[in-house]
Amino acid sequence: MTSSYHQQLQTKIDRITAQFSEFTPPTLEVFESPEQHFRMRAEFRIWHTENDMFYAMFERNDDDKQKTVVRIDEFPIADQSINDLMPKLLEELKAEPKLSSRIFEADFLATLSGEMLVTLIYHRKLDEEWELAAKALADKLDIKIMGRSRGQKIIIGDDFVVEEFELLNRTFKYKQIESSFTQPNAQVCKKMLQWACDAAEGSKKHLLELYCGNGNFTLPLSLKFERVLATELAKSSVYAAQWNIEQNQIDNIQVARLSAEEFTQAYQGEREFRRLQEANIDIQSYDFDTVFVDPPRAGIDDETLKLLQRFERIIYISCNPDTLYENLKTLTKTHQITKFALFDQFPYTHHVESGVLLEKI
């Protein structure tokens, strides 16, 4: 481990340990990231000069108003497959005016299983000539390509990749749709999934999951419970979750298209939802003892927090320590922290992903 990575990780450990000390959690479990080639996504501007074209990012100056263009020839934090593709793609774009004309961004989405989707974004309308050139490029580089411009989306191959990895002695497949949220650090994601499954050991009842996304945690957690009800509001994520459930041949999960707030209303009998009836979901048939939550940065609303306090166990994955801290002020009135973890999902940044297991006092 390099000293720079060790120093930034230790800063996060010190911060989290100090911030949450008042809750007297157990010893913090720390899950490190690879130092390089850990990021499965990368987004670059395409910068044009009079006789050249290159990948670029912007660096803010001290006054936070001016931006400096930084040329990017390699990107060590990105997956090796992205680094290998970057110069090949750029060379092909430069050689074909139909592809390079008025292009201003290239986004890469890679998987551990070897699939790659590249999104090329333009300041012009894409025509049939562009599509033919893009198809030839996709075939030559063995990648999927999506072309975007205002009001246009042209898909060459698919608008998704399928990730595969081993966990709990089986292979899981995940559809990851372009522009939808996916965990950017696949190696740390696997560690998070294993930690969550370990935290879920011993249940004899059912799991409720709020904010399930594409089913990232849902699939492996389903092996630890008799039945699972997962909720998610975004239609694209619900679609991906249902695809993932089917492809992995898991039969004990139902997905309800509800927000956390809506689920609370439905669970408490305050409101009926046609979406539940259409999906043939009977909330009252579940006997939950564990709830899993991975909320957005804003954390969990007050009514949902009250709902969580009813369950024996709460497994909480957080991307924002500050909102986790605020939520724990409520949850620790009824529960105590029995597992505490830091996942270094975003090395070399101030962002911290953490996990807590809370059990009823």
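Counted the way the working numbering counts, the sequence shown spans residues 604 to 964.
For every residue, glycine included, the Cβ atom is placed at its ideal position computed from N, Cα and C.
Here Gln-880 is exposed: its Cβ has fewer than 16 other Cβ atoms, across all protein chains shown, within 10 Å. A check of alpha carbon separations from Ser-862 across Leu-960, Ile-685, Phe-876 identifies Phe-876 as the nearest. The straight-line gap separating the alpha-carbon atoms of Glu-625 and Pro-690 is approximately 50 Å. The Cβ atoms of Ala-709 and Ile-780 do not sit closer than 8 Å to each other. DSSP places Val-764 in the uninterrupted beta strand (DSSP E) bounded by 763-770. Looking at the DSSP output, Ile-748 shares a beta bridge with Val-721, Ile-759. In this structure, Val-955 and Leu-945 form a Cβ contact; the two beta carbons are roughly 6 Å apart against a cut-off of 8 Å. Taking a contact as a CB-CB distance under 8 Å, the pair Glu-732 and Lys-701 counts as one, their CB atoms being some 5 Å apart. By the criterion of a C-beta distance shorter than 8 Å, Lys-776 is surrounded in its chain by Val-765, Glu-766, Glu-767, Asn-847, Gln-850, Asn-851, once the five residues flanking it on both sides are discounted. Relative to the Cα of Ile-680, the nearest Cα in the group Pro-637, Leu-715, Arg-874 belongs to Pro-637. When the beta-carbon positions are compared, Asp-947 and Lys-615 come within less than 8 Å of each other. In the structure shown, the three-state DSSP call for Leu-836 is coil. Contact between Lys-827 and Ser-806 holds: CB atoms are separated by about 6 Å, below the 8 Å threshold. For secondary structure counted as the alpha helix (DSSP H) over 4 or more consecutive residues, the segment 618-690 holds no complete run. When only Cα atoms are considered, Phe-949 and Cys-792 end up about 11 Å apart.
Beta-bridge partners assigned by DSSP to Arg-773: Leu-770. In this structure, DSSP gives Gln-887 a helical state, which the three-state scheme calls helix. Nearest in C-alpha terms to Ser-825, of all of His-809, Ala-837, Glu-835, Leu-836, is His-809. In the structure shown, Glu-873 falls within a coil segment according to DSSP collapsed to helix, strand and coil. A distance below 8 Å separates the beta carbons of Val-721 and Leu-692.
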